[in-house]
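What follows is a short report on a single structure.
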Amino acid sequence: MTALEKQEGVSSAEITAVYRCAVPELSQDKLSEKLSSAAGRQRAAAFITKYNYPLVSRKISVCAGYFLSEATRLIASGKYDSCISFASGFSLLLYNIAVKNLAYNNIQYLDTDLPHMIEERERRINTISHTLDQQVIKNIYTKAFDIEKAYQKNQRLKDIFPNYHKPIFIADGVSYFLSSGCVDWLIEQMGSYTQSATMLYYWPENMPHISSLFARVFSDLNKGMILETLKSFWDQSTIAKFRSQFSHTADYSLKEAEQILAWEKTPVLESLLTDPNQYFPVRLITGEK
18 MTALEKQEGV
28 SSAEITAVYR
38 CAVPELSQDK
48 LSEKLSSAAG
58 RQRAAAFITK
68 YNYPLVSRKI
78 SVCAGYFLSE
88 ATRLIASGKY
98 DSCISFASGF
108 SLLLYNIAVK
118 NLAYNNIQYL
128 DTDLPHMIEE
138 RERRINTISH
148 TLDQQVIKNI
158 YTKAFDIEKA
168 YQKNQRLKDI
178 FPNYHKPIFI
188 ADGVSYFLSS
198 GCVDWLIEQM
208 GSYTQSATML
218 YYWPENMPHI
228 SSLFARVFSD
238 LNKGMILETL
248 KSFWDQSTIA
258 KFRSQFSHTA
268 DYSLKEAEQI
278 LAWEKTPVLE
288 SLLTDPNQYF
298 PVRLITGEK
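Each residue of the sequence shown is one higher than the one before, counting from 18 in the working numbering.
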């Protein structure tokens with residue numbers, strides 16, 4: 018039995034791996050769901066049914082597509098030497114980015130997560146490795162990394178990742194699992210490089226007030242629906258701190274991100290994320306310098 022299997026419940030990584038493949042036209046991901054377990058797939062379906070939340074898969078797919086598009090744009094700029102993903106879970110986002118950017122073979126890729134998650138991730142990837150591009154997958158490295166512990170020890174990202182000098186950081190679905198102090202530390206660390214970029218999505222502090230669905234679901238999320246504990250929203254001071262670290266930032270609503278991705282398709286896809294009472298209205302932000 019693996020370390021992950023010894024824990025009770027199902028991690029959010031299991032569930033989102035399923036959702037990110039539900040609308041591949043937007044996420045460009047047809048693989049991550051293969052890393053989810055039977056329990057993860059069951060919990061993903063149960064979550065939709067219990068909360069009458071069919072748009073959750075579209076929300077996750079939009080976020081995945083946004084990160085893929087932004088990472089591709091940043092890599093093409095020639096300014097960066099690496100992509101580092103925090104709390105990668107069972108997402109194959111970095112793999113999809115690497116496949117799409119084969120021409121830029123100087124980019125280093127690194128997936129990170131808690132030790133037990135990295136162990137389980139590598140085991141599951143090995144079971145589907147025959148479906149993956151071997152040349153790509155062998156160039157994506159993994160590292161056990163506990164963000165909260167690094168914050169508590171006041172470590173520097175430059176010391177933790179010494180071989181990555183101009184990184185693109187991707188924090189996909191992790192910010193709200195971090196304490197507010199850790200979020201501030203992480204923002205400062207990601208912005209401490211002379212040249213770096215960061216992309217993530219966050220929960221704005223007003224989300225319970227602008228989405229009746231979120232207000233209804235939120236109280237249950239820390240009661241065993243997922244293994245992780247939800248810890249923080251972003252207020253205006255957090256957003257201001259993020260903007261202060263980078264020379265250029267872009268902050269999109271989920272609706273805006275969906276529209277951008279939908280308009281890139283032929284034929285143009287219909288926008289469904291129009292009423293925030295029917296989904297979690299997270300915001301997606303990119304900073305670069």
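For each residue, glycine too, the CB sits at the ideal point set by N, CA and C.
On a predicted model such as this, the values are computed, not experimentally measured, just so you know.
Next item on the list: Examine the Cβ distances between the segment 181–193 and the segment 216–230 and report whether three or more of them are shorter than 8 Å.
Entry: yes
Note to self: Helix, strand or coil for Gly304? Go by DSSP, reduced to three states.
What the structure shows: Looking up residue 304 in the sequence shown gives position 287. It is a strand residue.
Next item on the list: Decide yes or no for the touch test of the segment 289–303 against the segment 75–87: beta carbon pairs closer than 8 Å, at least 3 of them.
Entry: yes
Check: How about Arg58 and Asp46: are their beta carbons less than 7 Å apart?
Finding: By one-based count along the sequence shown, residue 58 stands at place 41. By one-based count along the sequence shown, residue 46 stands at place 29. Cβ distance not < 7 Å, so Arg58 and Asp46 don't count as in contact.
Checklist line | Where Lys160 falls: helix, strand or coil (DSSP) | finding: Residue numbering aside, residue 160 sits at position 143 when the sequence shown is read from its first letter. Strand, per DSSP.
Margin query: Check this for me: beta carbons of Thr129 and Phe107, under 7 Å apart or not?
Written below: Taking the sequence shown and counting its residues from 1, one reaches residue 129 at position 112. Taking the sequence shown and counting its residues from 1, one reaches residue 107 at position 90. Cβ distance not < 7 Å, so Thr129 and Phe107 don't count as in contact.
Margin query: Among the candidates Gly198, Val116, Met224, Asn69, whose CA atom is the shortest distance from the CA of Lys170?
Written below: Counted from its first residue, the sequence shown places residue 170 at position 153. Comparing Cα positions, the closest option is Gly198.
Checklist line | Environment of Leu21 [buried if 16+ CB atoms lie within 10 Å] | finding: As a first step, residue 21 must be located in the sequence shown, where it is residue number 4. Note on Leu21: pLDDT 39, under 50, position unreliable in the model; the coordinate value appears next. That one is buried.
Item checked: Own chain, CB closer than 7 Å to Phe235, minus 5 neighbours either side, in chain order -> Your numbering for residue 235 matches position 218 in the sequence shown. Closer than 7 Å at Cβ, skipping near neighbours: Pro225.
Next item on the list: Measure the alpha-carbon distance for Leu247 versus Ile32 and round it to whole angstroms.
Entry: Residue mapping note: residue 247 aligns to position 230 of the sequence shown, counting from 1. Residue mapping note: residue 32 aligns to position 15 of the sequence shown, counting from 1. Cα-Cα distance, rounded: 16 Å.
Check: Taking the alpha helix (DSSP H) that Asp201 falls in, what are its first and last residues?
Finding: For the purposes of this step, residue 201 is identified with residue 184 of the sequence shown, where counting begins at 1. Here the alpha helix (DSSP H) through Asp201 covers 197–207.
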